[in-house]
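Numbering (this note's numbering), first residue to last: 1113 to 1293.
So, in C-alpha cells, the structure goes:
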C-alpha cells in the first residue's frame, strides 16, 4: 500500500483519466479508419495508459513494447537515451503511434522518433498522456495529448519516482520533501 502522506494534490482522478483515454481512443480510431496501426508502448511508464488506450481503439492494432531510460532514480532527465528493449517487429510501411506517459524535456521522444524514421514506417505519430511544455528542450510535439500539465513532479497511473507509485489509479503531485531527502 502506498503511503498517502507522500503524495500531495490529486491532479487527475481515475474518472478523469478514463474519460480522457476514451476520447483519445475515439480520435485515433477515426483518424486511422481503414488502416492498421502499431502502438509502441514505451515502458515502464506508459504501460497503464497503453493498455487502457488500446481497449478504446476500435480498429485493428497491435502492440509492441520498448524500454528506454533517461531518468534513472532522479526527478531530472539525464538527457541521454538508453535503449534497454527494442521492439520485435519490422515497421517498414506500417503506421506507428509511439505511446509515452509524459513528455517533459522531449529528448526521449525526439530521439525515438528520429530512430524510427530510419526504419521507414508509413507514418509516425506521438501520443502522450501528459505534456509538460514548460520543460521542453527538444523540438517535439505530440499528435495526441491527454492533458497539458504544469511543472510538478507527478506520480501515479504509470508515472513513478524511483519505481514507486506506478500503481496509483490517479495522478498526483509528489511532495517535494519525499524526493528531496
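Where is the CB? At the ideal position from N, CA and C, for every residue including glycine.
Residues bridged to residue i (per DSSP)
i	result
residue 1268	1271
residue 1286	1119
residue 1235	1207
residue 1243	1215, 1260
residue 1194	1181
residue 1174	1150
residue 1155	1179
residue 1144	DSSP lists no partner for residue 1144.
Whether residue i touches residue j by CB criterion (9 Å)
i	j	result
residue 1175	residue 1218	no
residue 1215	residue 1178	no
residue 1256	residue 1234	no
residue 1198	residue 1158	no
residue 1151	residue 1258	no
residue 1193	residue 1223	yes
residue 1225	residue 1238	yes
residue 1165	residue 1149	no
residue 1286	residue 1118	yes
Option in the options with minimal Cα separation from residue i
i	options	result
residue 1254	1244, 1263, 1281	1244
residue 1146	1126, 1168, 1120, 1207	1207
residue 1126	1138, 1261, 1279	1279
residue 1228	1119, 1165, 1195	1195
residue 1124	1230, 1288, 1238, 1281	1281
residue 1121	1162, 1172, 1266, 1128	1266
residue 1203	1180, 1236, 1277, 1162	1236
residue 1181	1247, 1289, 1275	1275
residue 1249	1173, 1142, 1220	1220
Buried versus exposed call for residue i [16 or more other C-beta atoms within 10 Å across all chains shown]
i	result
residue 1205	exposed
residue 1160	buried
residue 1210	buried
residue 1268	buried
residue 1187	For residue 1187, the pLDDT reaches just 49, beneath the cut-off of 50, and the residue's location in the model is therefore unreliable, although a value from the coordinates is still provided. Counting Cβ neighbours within 10 Å, residue 1187 comes out exposed, since fewer than 16 surround it.
residue 1284	buried
residue 1201	exposed
residue 1230	exposed
residue 1272	buried
Residue-chain proximity (residue i, chain D), Cβ-Cβ < 9 Å
i	result
residue 1272	Absent here is chain D; the protein component of the structure consists of one chain.
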